[in-house]
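As structure tokens, the structure follows; a few thoughts come after it.
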Amino acid sequence: MSVLIYAETEGGKVKKAAFEVASYGKAVADQMGCEVAAVTFNASDADVLGNYGVSKVMNFSHEGNFDAKIYASVLQQAAEKSGATTLVVSSSADSRYLTPLVAVGLNAGYATNVVSAPSSLAPFTVKRSVFTNKAFTHAEISSENKIIGVSNNSFGSIENKVSCTVEDFTASVASSSVSVDSVDKATDKVTIADAEVVVSGGRGLKGPENWHMIEDLAEVLGAATACSKPVSDMGWRPHSEHVGQTGKPVASNLYIAIGVSGAIQHLAGINSSKVKVVINSDPEAPFFKAADYGIVGDAFEVVPQLIEKLKAFKAQA
Amino acid sequence: MKILVCISHVPDTTSKINFVENDTAFDTNGVQYIINPNDEFGLTRAMWFKEKEGAEVDVINVGGPETESTLRKALAIGADKAIRVNTEAIEASQVAQEIVGVIKAGAYDLVIAGRESIDYNGGMVPGMIAAMIDASYVNNCVSLEISGDKATAVREIDGGKETLTASLPLVIGGQKGLVEESDLKIPNMRGIMMARKKPLDIVEPLGAEAKANMVSYEKPAPKGEVKLVDAANIDELINLLHNEANVL
Chain S
4 MSVLIYAETE GGKVKKAAFE VASYGKAVAD QMGCEVAAVT FNASDADVLG NYGVSKVMNF
64 SHEGNFDAKI YASVLQQAAE KSGATTLVVS SSADSRYLTP LVAVGLNAGY ATNVVSAPSS
124 LAPFTVKRSV FTNKAFTHAE ISSENKIIGV SNNSFGSIEN KVSCTVEDFT ASVASSSVSV
184 DSVDKATDKV TIADAEVVVS GGRGLKGPEN WHMIEDLAEV LGAATACSKP VSDMGWRPHS
244 EHVGQTGKPV ASNLYIAIGV SGAIQHLAGI NSSKVKVVIN SDPEAPFFKA ADYGIVGDAF
304 EVVPQLIEKL KAFKAQA
Chain U
2 MKILVCISHV PDTTSKINFV ENDTAFDTNG VQYIINPNDE FGLTRAMWFK EKEGAEVDVI
62 NVGGPETEST LRKALAIGAD KAIRVNTEAI EASQVAQEIV GVIKAGAYDL VIAGRESIDY
122 NGGMVPGMIA AMIDASYVNN CVSLEISGDK ATAVREIDGG KETLTASLPL VIGGQKGLVE
182 ESDLKIPNMR GIMMARKKPL DIVEPLGAEA KANMVSYEKP APKGEVKLVD AANIDELINL
242 LHNEANVL
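First to last, the sequence lines map onto chains S and U.
Number 149 in my numbering belongs to position 146 of the first sequence; there are no gaps in the numbering.
Number 123 in my numbering belongs to position 122 of the second sequence; there are no gaps in the numbering.
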């Protein structure tokens, strides 16, 4: 028996988000009294997972693009081979794409958006966010095989060094009826999903020509840029930057909202961020009720100052 | 082409979320229900396939009689037929199995579901359907064109987009981008009148077993007051973020 995790890679390196998945897997394994095994694809540094409690890595060499069906089939075979009854995955777009396929293959109950370690193993009970972060539920998984999708940045990465062996894993690969024609991905930009800091702009910025302020602030902070729904609906920014109930969820350590009023749908989407800062000229903006820190002021005056002061702060640090 | 659009019946995005019965049930009191927004983008895309290519569009919901108003709205928007599988929706794999029962009887070329519902946010029904019927599957689908038995789809990935070719039958998890917000249709009087005459079939469930169950709910702890910093004192904000919040 073991707990299996799917540790994602990017450019052959284990992603930072995988350390959180490993840490979660280790917490479950400690409760169950067993070890953690991991599946990676094309990882060159898989042994780094040992720092987060993974004892064994099964690394699969895959040529070509990510393919949900192929990845799901490899994960399923790894679970069957290692006798794992619990699989832990992240909440990345790719993990959310492939895991429902694994759940069907393993006849497993699958809980997404899980925010804490199981409160009980029998019945197997986890806490997950629902209603787009407006509430939580305690869900019991009754099937023998179980899959946990850990909500980004909810459990945290916990160092827990164990000895770790890495072996090549071979599996028969499912044929796929979906093929990738092209991938359009900015490799130099931090994504909203992976970002520790997100800087977001709303209608208060008055037009797309003023977005350099958001981008400059994001650059100083190493942050991802995001926007509110009206901004994406008006075409000022791409859909991929829209955060909120019908857009992307944000679970960063720091979320800075500039000229965003804070509609209930927007607040739901960013509620899992740890610290929220709002800059808005309207002191009645609903965002002030959801934020930790706020400045009532004109973004066009406050943000350039904030950028300069942060540059000075970063230069000192 | 025959299309099935899966419709979740969900609380309006502005709903206050409360629980009753000792926090074991959602409080439906005063809640307005809508077509799940991710499903509505997919339904509207399906309407375009109907208008331009003569596709036949059915909509389906797994739920009790209370969801029929939402299915009627989908009919008023233009779907040809609605199907309600008459059982409580408990969790994704049970819902997916019930929908698959209908798909097997209906020979659909394309199944459109939202990438997730805005109530329980599971995000797994489309993928599970695809796995159960061994169809092609594209999640987070923001663009879809079909020619013959091939589909070209765009998937939103973390940090970008991916263009895919898939053979039919295809299942997608759709979202905004399939159509724009401004493309969504508010049903007109004629649509509403016609919807009353369109078929709404009630199908008895297969009795698929749920693998998970939500036993209780809780709301997030109330948060403290915002700390306001004077616009002339940016240094104070940086100090608080660095020393108090530890995020810089």
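C-beta: ideal position from N, C-alpha, C; glycine also.
Bear in mind the structure is a predicted one, so any value in this text is a computation, not a measurement.
Return the bridge partner residues of residue i from the DSSP annotation.
i              : result
Y34 (chain U)  : U:P12
I261 (chain S) : S:G204, S:I282
N62 (chain U)  : U:R85
I151 (chain S) : S:V91, S:A114
C37 (chain S)  : C37 (chain S) pairs with nothing; no bridge assigned.
V183 (chain S) : U:L165
V172 (chain U) : U:V112, U:Y138
R156 (chain U) : U:C142, U:E163
M125 (chain U) : The partner list for M125 (chain U) (beta bridge, DSSP) is empty, contrary to what the question assumes.
D171 (chain S) : S:N62
I130 (chain U) : None; I130 (chain U) has no bridge partner.
Specify, as a first and last residue, the run of the alpha helix (DSSP H) that residue i falls within.
i              : result
S85 (chain S)  : 71-85
D28 (chain U)  : From DSSP, D28 (chain U) is part of no alpha helix (DSSP H); its letter is neither H nor E.
T71 (chain U)  : 69-78
K312 (chain S) : 302-319
Y100 (chain S) : 96-109
L242 (chain U) : Per DSSP, L242 (chain U) belongs to no alpha helix (DSSP H) and is neither H nor E.
V230 (chain U) : No alpha helix (DSSP H) contains V230 (chain U), which DSSP labels as neither H nor E.
D219 (chain S) : 215-224
V101 (chain U) : 93-107
I193 (chain U) : 190-198
Would you say residue i touches the ligand ADP, meaning its beta carbon is less than 7 Å from a heavy atom?
i              : result
L207 (chain U) : As far as ligands go, the structure on display features none, and thus does not contain the ligand ADP.
Under a three-way DSSP split, which group does residue i fall into?
i              : result
R116 (chain U) : coil
G297 (chain S) : strand
D184 (chain U) : helix
K188 (chain S) : strand
D40 (chain U)  : helix
S240 (chain S) : One point to set straight first is that residue 240 (chain S) is Arg, not Ser, in the sequence displayed. Three-state result, R240 (chain S): coil.
E22 (chain U)  : coil
T228 (chain S) : strand
L7 (chain S)   : strand
F127 (chain S) : strand
F63 (chain S)  : strand
D236 (chain U) : helix
I2 (chain S)   : This structure does not reach residue 2 (chain S), given that chain S is present from 4 up to 320, and the question cannot be answered.
V176 (chain S) : coil
K292 (chain S) : helix
E287 (chain S) : coil
V253 (chain S) : coil
K51 (chain U)  : helix
Where do the N-terminal and C-terminal ends of the beta strand (DSSP E) with residue i fall, by residue?
i              : result
I161 (chain S) : Where I161 (chain S) is concerned, there is no enclosing beta strand (DSSP E), given that its DSSP letter is neither H nor E.
H141 (chain S) : 138-144
E219 (chain U) : 213-219
K3 (chain U)   : 3-7
I195 (chain S) : Neither: I195 (chain S) is in no beta strand (DSSP E) and is coded neither H nor E.
D202 (chain U) : 201-204
Within 8 Å of any Cβ in chain B, is that where the Cβ of residue i sits?
i              : result
V181 (chain S) : Going by chain labels, chain B is absent from the structure shown, which instead holds the protein chains S and U.
Spell out a yes or no on whether the stretch 206-218 of chain S and the stretch 168-184 of chain U are touching, meaning 3 or more CB-CB pairs, one atom from each, closer than 8 Å.
-> By the Cβ test, the stretch 206-218 of chain S is not in contact with the stretch 168-184 of chain U, since fewer than three Cβ pairs between them sit closer than 8 Å.
Inspect the CB distances between the stretch 130-147 of chain U and the stretch 148-162 of chain S and report whether three or more fall short of 8 Å.
-> In short, these stretches do not touch, since the Cβ pair count stays below three.
Touch test, the stretch 11-23 of chain U against the stretch 52-65 of chain U, Cβ-Cβ under 8 Å, three pairs minimum | With the rule of 3 Cβ pairs closer than 8 Å, the stretch 11-23 of chain U does not count as touching the stretch 52-65 of chain U.
Does the pairing of the stretch 69-86 of chain S with the stretch 96-109 of chain S give three or more beta-carbon distances under 8 Å?
-> Result yes; three or more Cβ-Cβ pairs closer than 8 Å.
With contact counted as at least three CB pairs below 8 Å, one residue from each stretch, are the stretch 9-18 of chain U and the stretch 54-72 of chain U in contact?
-> Yes, the stretch 9-18 of chain U is in contact with the stretch 54-72 of chain U.
Is there contact between the stretch 148-163 of chain U and the stretch 94-101 of chain S, where contact requires at least three CB pairs shorter than 8 Å?
-> Note that the stretch 148-163 of chain U touches the stretch 94-101 of chain S; at least 3 beta-carbon pairs, one per stretch, sit closer than 8 Å.
Could you pull out every unbroken beta strand (DSSP E) segment of at least 3 residues lying fully inside the stretch 9-61 of chain S, listed in chain order?
-> For secondary structure counted as the beta strand (DSSP E) over 3 or more consecutive residues, the stretch 9-61 of chain S holds these complete runs in sequence order: 38-44.
State whether the stretch 30-45 of chain S contacts the stretch 117-128 of chain S, with contact taken as three or more CB pairs (one from each stretch) at a distance under 8 Å.
-> A contact is defined here as three or more CB-CB pairs under 8 Å, and the stretch 30-45 of chain S meets this definition with respect to the stretch 117-128 of chain S.
Using 8 Å as the threshold, is the stretch 239-250 of chain S in touch with the stretch 165-173 of chain S, meaning 3 or more CB pairs across them?
-> Because the criterion of three Cβ pairs below 8 Å is not met, the stretch 239-250 of chain S and the stretch 165-173 of chain S do not touch.
Any chance the stretch 241-256 of chain S sits against the stretch 268-275 of chain S, with 3 or more Cβ pairs inside 8 Å?
-> With the cut-off at 8 Å, the stretch 241-256 of chain S and the stretch 268-275 of chain S touch.
Decide if the stretch 125-136 of chain S is in contact with the stretch 14-26 of chain S; the criterion is three or more beta carbon pairs, one per stretch, under 8 Å apart.
-> These segments do not touch.
Check whether the stretch 301-316 of chain S touches the stretch 74-87 of chain U, taking contact to mean three or more Cβ pairs, one atom from each stretch, closer than 8 Å.
-> Short answer: they don't touch.
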